[in-house]
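Student: My questions all concern the structure below.
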Ligand SMILES: Cc1cc2nc3c(=O)[nH]c(=O)nc-3n(C[C@H](O)[C@H](O)[C@H](O)COP(=O)(O)O)c2cc1C
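Right, here's the structure in full:
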């Protein structure tokens, strides 16, 4: 018996029961599935399962918007039904560090076979164009089979395995293009093989349960096996088969998987692709080519799509909610008295991050801001970190703007860190071929530490008076808060 976190079909049955899944028949692979996905994400709609795709009537469907509402994120993580956004965020606090601590006890379990081995193709039997890979956005340069897929690589020195969500395009019958940000672990693995003059083994799964997707998309420390984290979330290990060609562990319940090699120097033009920044930045560059030697499929595979764009998009909600918890956990491990952290969805869950603290010593706010700008949860493509006192609700942009407006002196409160890593998708880079660096601004919007005791008091109704007034007048005056 499988687990819905790893087996997409079991999870989709769960979403149907919750009324969270919409089946869409007959939408076109060329732009229509992409446009429906984008508009549906902006409407915070149900998950979409596209079937009977013209040209693919006999097999293959595409899933999108799978995790764009709290109910579906809660279902994927095994949290209670009926949580609203705030309750979900509360429940997530502290969980990422607990999952990571528990992960070594849930290493993937190697099994002889599984649904992914229903069809195994090799050599000339392989035609990657047979699977529904949408042309998602109107200016995309190729069909992308991998948007919510996971790419599996290995460190040649430690043998540690990595699962990373990286976009994968279809080039021809037997080759794929892949884009990996320079700081992401799969790219480091490929580079290590190539430095030795060796070809790099690689595998990918294009459809799997939501925990495989979530874990492989989270910025976890180098060396952490994401499938162990998926197992820790589920409380049971993920079953994997060993690839016949590379030996890489492939989720046994995967809908569609491939394995093959990236030869040193084997690169070709990849992109453009509409990305999570809201731009087609990154352009068309020479990037690694995967030569595919095996395809494994359940038959009629469901492709796990996850479409980026201008926020809000398919996965911007869960990234903001879950990665905020991850950032909070990371910060708490480094510095004391961090109260809350929030990565704004409108900042593509990357560019604009707010952290609140209870100030304990001079320099505390600056220390937290620098840490938040540079640790894994903030480094990939950060831009602004705002540090506020803990009377500010980090999720409320109005309160954050009020703090910036009233508790900063721009000449002193904004610090710049130069030459920090960014990635080729950054629309502010003049040249996507590099160097991939930019700066970070840390806005210290806390009351100055040495004036904490005599800083001007805030004009507001006290909690006690507010409660009494609300009880007496709120309903009559039609107040909602
Ligand atoms: C839907 C989705 C698509 C993504 N696409 C890419 C991509 O094309 N390339 C990339 O390097 N990172 C991409 N990411 C981000 C990485 O998955 C993320 O940084 C992850 O932490 C990488 O794992 P790693 O640290 O093990 O390399 C994507 C994330 C999501 C959620």
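In my numbering, the protein residues as written are 1 to 481.
Cβ atoms here follow ideal geometry from the backbone N, Cα and C, with glycine treated the same way.
#1: Do the region 196-210 and the region 256-264 meet, that is, are 3 or more Cβ pairs less than 8 Å apart?
#2: Taking the Cβ atom as the reference point for each residue, do residue 178 and residue 288 lie within a distance shorter than 8 Å?
#3: Would you identify the three-state DSSP class for residue 233, choosing helix, strand or coil?
#4: If residue 389 and residue 332 are in contact, beta carbons under 8 Å, what's the gap, nearest whole angstrom?
#5: For ligand 1, is there a heavy atom less than 7 Å away from the beta-carbon of residue 220?
#6: Taking the beta strand (DSSP E) that residue 352 falls in, what are its first and last residues?
#7: If residue 225 and residue 160 are in contact, beta carbons under 8 Å, what's the gap, nearest whole angstrom?
#8: Grouping DSSP H, G and I as helix and E and B as strand, with all else coil, what is residue 261?
#9: Residues in the same chain with beta-carbon distance under 7 Å from residue 282, minus the five sequence neighbours each way, listed in chain order, please.
#10: Measuring only from the beta carbon, is residue 284 closer than 7 Å to any heavy atom that is part of ligand 1?
#11: Report the rounded CA-to-CA distance for residue 239 versus residue 421, giving the unit in angstroms.
#12: Is residue 199 closer than 8 Å to residue 242 when the C-beta atoms are compared?
#13: If contacts are defined as beta-carbon pairs under 8 Å, then residue 116 and residue 142 qualify, I think. What distance do you get, rounded to the angstrom?
#14: Would you say the beta carbon of residue 181 is closer than 7 Å to some non-hydrogen atom of ligand 1?
#15: Kindly indicate which three-state DSSP category residue 9 falls into: helix, strand or coil?
#16: I'd like to confirm the pairing. Which residues does DSSP put opposite residue 240 in its beta bridges?
#17: Please classify residue 218: is it buried, with 16 or more other beta-carbons within 10 angstroms of its beta-carbon, or exposed?
#18: Determine whether the beta carbon atoms of residue 370 and residue 442 lie at a separation below 8 Å.
#19: Report the rounded CA-to-CA distance for residue 110 versus residue 82, giving the unit in angstroms.
#20: Go ahead and label residue 430 buried or exposed: buried means 16 or more other beta carbons lie within 10 angstroms of its beta carbon, across all protein chains shown.
#21: Would the beta-carbon of residue 156 fall within 8 Å of that of residue 192?
#22: Could you tell me if the beta carbon of residue 353 falls within a distance shorter than 7 Å of some heavy atom in ligand 1?
#23: Between residue 387 and residue 341, which are expected to be in contact by the criterion C-beta below 8 Å, what is the C-beta distance as a whole number of angstroms?
#24: Under DSSP, the alpha helix (DSSP H) around residue 321 begins and ends at which residues?
#25: By how many angstroms is the C-alpha of residue 471 removed from the C-alpha of residue 153?
#26: CB residue 121 to CB residue 291, shorter than 8 Å?
#27: For residue 265, which option in 190, 309, 67, 232 has the closest C-alpha, if you only look at C-alpha atoms?
#28: Ignoring anything shorter than 3 residues, give me the beta strand (DSSP E) runs that lie fully in the region 30-59, in order along the chain.
#29: Using the beta-carbon count (16 or more within 10 Å), is residue 176 buried or exposed?
#30: Within a Cβ cutoff of 8 Å, which residues of the same chain sit near residue 439, ignoring the five residues on either side of it in sequence?
#31: Assign residue 345 to one of two classes, buried (16 or more other C-beta atoms within 10 Å of its C-beta) or exposed (fewer than that).
#32: Out of 349, 368, 364, 347, state which residue places its alpha-carbon closest to the alpha-carbon of residue 355.
#33: Mind checking which residues open and close the alpha helix (DSSP H) that includes residue 171?
#34: Let me know the alpha helix (DSSP H) ranges lying completely inside the region 73-99, each 4 residues or longer, listed in chain order.
#35: Would you say the beta carbon of residue 434 comes nearer than 7 Å to a heavy atom of ligand 1?
#36: For residue 473, which residues in the same chain have their Cβ closer than 7 Å to its Cβ, ignoring the five residues on either side in sequence?
Tutor: According to the data block:
#1: Segments in contact, yes.
#2: In this structure, the beta-carbon distance from residue 178 to residue 288 falls below 8 Å.
#3: If DSSP states are grouped into helix, strand and coil, residue 233 belongs with the helices.
#4: The Cβ separation is near 17 Å, so there is no contact.
#5: In this structure, ligand 1 has a non-hydrogen atom nearer than 7 Å to the beta-carbon of residue 220.
#6: Residues 352-357.
#7: Rounded to the nearest angstrom, the Cβ distance from residue 225 to residue 160 is 7 Å, consistent with a contact under 8 Å.
#8: It is a strand residue.
#9: The beta carbon of residue 282 sits closer than 7 Å to the beta carbons of 271, 272, 275, 424, 425, 432 from its chain, once the five residues preceding and following it are set aside; these are given in chain order.
#10: The beta carbon of residue 284 sits no closer than 7 Å to any heavy atom of ligand 1.
#11: Straight-line measurement puts the Cα of residue 421 at about 35 Å from the Cα of residue 239.
#12: For residue 242 and residue 199, no; Cβs fall outside 8 Å.
#13: Going by Cβ atoms, the distance from residue 116 to residue 142 rounds to 25 Å, so no, they are not a contact pair.
#14: Result yes, Cβ under 7 Å from ligand 1.
#15: Helix.
#16: Residue pairing by DSSP places residue 240 opposite 110, 251 in a beta bridge.
#17: By the neighbour-count rule (16 or more Cβ atoms within 10 Å), residue 218 is buried.
#18: Contact: yes.
#19: Spanning the two alpha carbons is a distance of roughly 36 Å.
#20: Its Cβ having fewer than 16 others within 10 Å, residue 430 is exposed.
#21: With contacts defined by Cβ atoms closer than 8 Å, residue 156 and residue 192 form a contacting pair.
#22: Incorrect: residue 353 has no Cβ contact closer than 7 Å to ligand 1.
#23: That belief does not hold up - the Cβ atoms of residue 387 and residue 341 are roughly 10 Å apart, past 8 Å.
#24: Counting along the chain, the alpha helix (DSSP H) containing residue 321 begins and ends at 316-334.
#25: Going by the C-alpha atoms only, they are around 59 Å apart.
#26: Contact flag unset, no.
#27: Distances from the alpha-carbon of residue 265 to those of 190, 309, 67, 232 put 190 closest.
#28: With a minimum length of 3 residues, the continuous beta strand (DSSP E) runs that stay inside the region 30-59 are 47-51.
#29: Here residue 176 is buried, its C-beta having at least 16 other C-beta atoms within 10 Å.
#30: Contacts found: 416, 417, 418, 419, 420.
#31: So residue 345 ends up on the buried side.
#32: The residue among 349, 368, 364, 347 with its C-alpha nearest the C-alpha of residue 355 is 368.
#33: For residue 171, there is no enclosing alpha helix (DSSP H); the enclosing beta strand (DSSP E) covers residues 168-172.
#34: Assignment of alpha helix (DSSP H) within the region 73-99, counting only whole runs of 4 or more residues, yields 85-92 in chain order.
#35: No heavy atom of ligand 1 is found nearer than 7 Å to the CB of residue 434.
#36: Nothing listed; no residue qualifies.
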